[in-house]
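First the structure, in the form of structure tokens, and then the observations on it.
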Amino acid sequence: MTILAFAGVQLVPDASLLIHILLILLMIFILNRTFFRPINKVLEARENQKRTNLTEAERILLTAKEKREKLENELLQARSEGYKIIENARKQTLTEAQEKIQQTREDVSKRLAEEKAEINKQIETARKEIANQAKELAEKLSNAVLN
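For the sequence shown, our numbering begins at 1 and goes up steadily by one.
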């Protein structure tokens, strides 16, 4: 204390120190009530709103992701069904074409056989006719030679 006394500082406890402490506490209380609490409430409300919006955004994002996956699966199924339908139509068309080709071949073979039979019949008829004409001619010649 002697050092402080030489420096000209006097430490005398009086009521002013206590009044300053009470004024500071009163000021803190008043500022807290009038200024800091409303600001803290607004900040807390904003934080809650931010959390709510973030949660809602995550939920919407998850829902959108699920819907996208569902639509992608439906698209894959639709493509698969489309390819199956196209493949079945191609196979059916190919089968029908082969059946028509086979039917045409059978018709051609049948007609060819009928035409061959008709030609053979005409050949046989022509032979008989030629044979008859040859007999008639031979008879005429023999009659002409004998007469």
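A virtual CB, placed ideally from N, CA and C, is assigned to each residue, including glycine.
- Report the three-state DSSP secondary structure of Asp14 (helix, strand or coil). When secondary structure is reduced to three states using DSSP, Asp14 falls in the coil class, being assigned neither helix nor strand.
If you reduce the DSSP assignment to three classes, tell me which class Asn88 lands in.
The DSSP-derived three-state label of Asn88 is helix.
Straight-line Cα distance separating Ile130 from Lys121: C-alpha of Lys121 to C-alpha of Ile130: approximately 14 Å in a straight line.
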